[in-house]
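Engineer: This structure is in structure tokens; I'll ask about it shortly.
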DNA sequence: AATGAATGAGCATTCATTCAT
DNA sequence: AATGAATGAATGCTCATTCAT
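Chains as they are written, first to last, in UniProt numbering: chain A, 1 to 195; chain B, 1 to 195; chain C, 1 to 195; chain D, 1 to 195.
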């Protein structure tokens, strides 16, 4: 693996462990097994390195959302949504402290936001992706034609997001099984509204 | 107003504007119109001051949750839930950057968590409060006897939480009317599941 | 006891416990059971308070030296010297850290020195006092007429001084009996030179 | 010379001039011709730097004490002791304010003590070294077989120590000749006791 | 005389960044 | 590209002193 990737992974590790405020370039360098100077051969600044790491979060969720689009009309809606919910729970959980750290520095927040705006990406796109999927299912008649697709997406992903937030806050870990239970309970309640 | 309160309010203002990472004691003092030394006559450290400010967030939501308990059986369930949703949207919106900043420093996270554990409080209690309310309504027969009260609470507050998060992330403001629309759409979709 | 004395005694206690560098006016006030402001009603500054405390050290030794002058020709020379040695060991031991602290701040050193010069006092006077006593004994024929009285004084008090210094450095306490043994051993060796 | 040594020497200079209490990192850096930050590339803290300087005091005396052991039985005892006395007077004089400063901060005192305990060194070892030398001379029959070697060492070094202390206190300098006279007078008085 | 909140200059220390090698 | 010593601005915090009450 090249040094740039090693640095990025080391940074991610340190950031998740120590939090943005307590993450120093010295420690990143140590974790990456290189010198502090090397960081600056591959990233313009610590902030750039952080933004680079940030952009690589939520990969599983993004993949799940991409594949979700092509699942419309195939496996049961509920199964599809559950798959997304599980990916969301997993990724939100793993990345929550990184994601939240953007609010501790307006400069980072601004740059992160602009970066997403440019590429027309961003975490809020997740909700749009679920919405888009549900619209397709609506056209296919697999969910009620009065269903507010966006509201459904917001409820599903919102509950997963807050759930992950609270687990992180409480310092608790959750097994895959517990995650599945959470998804099921939420989907049980949501399902009547989708018909 | 006494200096301690002035400092706390100034700190809140600066923290919301600059983010935790860019908030200095010098700037808090300036905003409070006092010397840096005075900060330390009233708070043991910058961290303590931050935790103090943090604990005073979400006051409206907490008040709404308290009054919610006594609303069981009175006004329509949906109205009661909407009231909570609006309080949540408002408070989450106003406090999101502060709340999220706790993840940028594990020490702060730890102390904030312990503080809540001691007082048996915390943001996760919000969901429990809504759950408790819904359980009462279930006993009163105003919602279906199969309803998963906790899942309903998680969906409602979770969607509000993530909505506020995304607004903050996008740097957008939302009118009260828009907030009400969001609440309505979410509750529309949730309602069938409550019957 | 009046407040001024209470403050002085509290300061002495704190200084001996914490060392000059770690002694704060806040702690002195706490130890004296008064406010920090009161310190300044009785002493012009913390430095003045320290100098006041400093001047009240070695009281026993000074008393012993005063009474020593009138002992010339009475009890055996060796007994008189031993009495002085014991007073020196006791006082040096109790005051060493205070005495040494004057070297940590040239301003204090200067003022302490000037204070003594004015009043024609000072710790070096101790050696002169023993010298004066020995000169009397020499005139009385109780010690050899070739004896270098000042050298004898320097040897006796010097060994006591360094002994106390080293005990303090090592953090050891010494019983009165051990102190007496030290004095005896030193005087045994010194005695042949006095004849 | 490397920066670490330059910093240490600069620190020693500033400490001797200003006293521990008035020695700031800013001034040390200035005296060393480097930035304050550089201090921390070579020493963990100001305290560590001080302890480093402290451990390099009394080098001449230590050398004299080492060579003293091999002088037993060679040059006259009195000459050997005088050599030690002169080294002691010189080093005590030059280092007194540094040595005494350890009593102004219990933390420094503790760490300095522990450092010596570990390495089985320390200023009190000086007296033991002289004692050891005298014991050899006793075995060689060059001093009386009843002589209390430790008491002799304590008298000799103690008087030198206090002499240096008082010179520093009085702010006086002493020529090499005056130092030799002091040593001679003290040894004159001590000599009868050694036979 | 006694208070103690307010002060603000001063301090040790940190850390992202640079640059000569 | 890799290094790591050097930097110095910036930070949180301390504490002797003041002064209105």
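Where a beta carbon is used, it is the ideal one built from N, C-alpha and C, also for glycine. All figures in this text were calculated on a predicted structure; none of them were measured in a lab.
So, for residue 26(A): in the same chain, excluding its five sequence neighbours on each side, which residues have a beta-carbon less than 7 Å away from its beta-carbon?
Structural biologist: Only 36 meet the Cβ criterion.
Engineer: Between residue 142(D) and chain C, is any beta-carbon pair separated by less than 8 Å?
Structural biologist: Not closer than 8 Å to any Cβ of chain C, the Cβ of residue 142(D) fails to qualify, so no.
Engineer: Assign residue 158(C) to one of three DSSP states: helix, strand, or coil.
Structural biologist: Helix, per DSSP.
Engineer: Grouping DSSP H, G and I as helix and E and B as strand, with all else coil, what is residue 105(D)?
Structural biologist: If DSSP states are grouped into helix, strand and coil, residue 105(D) belongs with coil.
Engineer: Residue 173(B) by DSSP, collapsed to three states: which one?
Structural biologist: In this structure, residue 173(B) counts as coil in the three-state DSSP scheme.
Engineer: Got a sec: which bits of the region 84-106 of chain A sit with their beta carbon under 7 Å from any beta carbon on chain B, in order along the chain?
Structural biologist: For the region 84-106 of chain A, which is checked against every Cβ of chain B, the residues closer than 7 Å are 96, 97, 100, 101, 103, 104, 105 and 106.
Engineer: Given that residue 19(A) touches chain B, what residues does it touch there, using C-beta distances under 7 Å?
Structural biologist: Per Cβ cutoff of 7 Å: 103, 104, 105 and 106.
Engineer: By alpha-carbon positions, which one of 77(A), 50(A) and 130(A) ends up nearest to residue 111(A)?
Structural biologist: Nearest C-alpha to residue 111(A): 50(A).
Engineer: Report the residues of the region 34-55 of chain B with a CB closer than 7 Å to any CB of chain A, ordered along the chain.
Structural biologist: Cβ contacts with chain A: none found.
Engineer: For residue 155(C), collect the residues of the same chain with a Cβ closer than 7 Å to its Cβ; drop the 5 residues on either side in sequence, then sort them by chain order.
Structural biologist: Same-chain partners within the cutoff: 190.
Engineer: Can you pull the chain B residues whose beta carbon is under 7 Å from the beta carbon of residue 172(A), in chain order?
Structural biologist: None at all; the shortest Cβ gap to chain B is about 10 Å.
Engineer: So for residue 1(A), helix, strand or coil by DSSP?
Structural biologist: Three-state result, residue 1(A): coil.
Engineer: Go ahead and pull the three-state DSSP assignment for residue 28(C).
Structural biologist: In this structure, residue 28(C) counts as helix in the three-state DSSP scheme.
Engineer: The alpha helix (DSSP H) spanning residue 148(B) covers which residue range?
Structural biologist: It is not in any alpha helix (DSSP H) - residue 148(B) carries neither H nor E in the DSSP assignment.
Engineer: Please confirm if residue 152(A) has its CB atom under 8 Å from at least one CB of chain B.
Structural biologist: Residue 152(A) counts as touching chain B.
Engineer: Could you give the residue range of the alpha helix (DSSP H) that holds residue 49(D)?
Structural biologist: Here the alpha helix (DSSP H) through residue 49(D) covers 46-55.
Engineer: In the DSSP assignment, the alpha helix (DSSP H) including residue 206(D) goes from what residue to what residue?
Structural biologist: Lying before the first or after the last residue shown, residue 206(D) is absent from chain D, which here runs from 1 to 195.
Engineer: Kindly confirm or deny that the region 124-133 of chain A and the region 68-78 of chain B touch, where touching means at least three C-beta pairs closer than 8 Å.
Structural biologist: Segments in contact, no.
Engineer: Please confirm if the region 159-175 of chain B is in contact with the region 156-165 of chain A, defined as three or more CB-CB distances below 8 Å between the two stretches.
Structural biologist: Cβ pair count under 8 Å is three or more, so yes.
Engineer: If the criterion is Cβ atoms closer than 8 Å, does the pair residue 61(B) and residue 88(B) meet it?
Structural biologist: Cβ distance < 8 Å, so residue 61(B) and residue 88(B) count as in contact.
Engineer: Give the straight-line distance between the Cα atoms of residue 136(C) and residue 150(C), rounded to the nearest whole angstrom.
Structural biologist: One C-alpha to the other measures close to 12 Å.
Engineer: Between which two residues does the alpha helix (DSSP H) containing residue 68(D) stretch?
Structural biologist: Counting along the chain, the alpha helix (DSSP H) containing residue 68(D) begins and ends at 59-71.
Engineer: Between which two residues does the alpha helix (DSSP H) containing residue 36(A) stretch?
Structural biologist: It spans 36-42 - the alpha helix (DSSP H) in which residue 36(A) sits, taken as one unbroken run.
Engineer: Tell me whether the region 114-126 of chain C and the region 109-129 of chain D touch, counting them as touching only if at least three CB pairs, one residue from each stretch, are closer than 8 Å.
Structural biologist: The region 114-126 of chain C, when compared against the region 109-129 of chain D, does not touch it at the 8 Å Cβ threshold.
Engineer: Once the 5 residues before and after residue 104(A) are set aside, which same chain residues still bring their CB inside 8 Å of it?
Structural biologist: Closer than 8 Å at Cβ, skipping near neighbours: 20 and 21.
Engineer: In angstroms, rounded to a whole number, what distance separates the CA positions of residue 84(D) and residue 186(C)?
Structural biologist: Distance between the alpha carbons of residue 84(D) and residue 186(C): 19 Å.
Engineer: Which value, in whole angstroms, describes the spacing of the CA atoms of residue 4(C) and residue 165(A)?
Structural biologist: Their backbone Cα atoms lie some 59 Å apart in a straight line.
Engineer: With distances taken between CB atoms, is the gap from residue 53(D) to residue 11(D) smaller than 8 Å?
Structural biologist: Yes, they are a contact pair.
Engineer: Closer than 7 Å by C-beta to residue 42(D): which residues in its own chain qualify, once you throw out the five before and the five after it? Chain order, please.
Structural biologist: For residue 42(D), where only same-chain residues beyond five positions count, the Cβ hits under 7 Å are 3, 4 and 7.
Engineer: My assumption, with CB atoms under 8 Å, is that residue 147(A) sits in contact with residue 194(A). Please give the rounded CB distance.
Structural biologist: Right, their Cβ atoms sit about 5 Å apart.
Engineer: Output, in chain order, the set of chain D residues within a Cβ distance shorter than 7 Å of residue 113(C).
Structural biologist: Simply 169, 170 and 171.
Engineer: For residue 142(A), name the three-state secondary structure that DSSP assigns.
Structural biologist: It is coil, neither helix nor strand.
Engineer: Counting only C-beta atoms, is residue 185(B) closer than 8 Å to chain A at any point?
Structural biologist: Yes, residue 185(B) lies at the interface with chain A (some Cβ there is under 8 Å from its Cβ).
Engineer: Tell me whether the beta-carbon of residue 196(D) lies closer than 8 Å to the beta-carbon of residue 99(D).
Structural biologist: An answer regarding residue 196(D) cannot be provided, because it is not within the stretch 1 to 195 covered by chain D.
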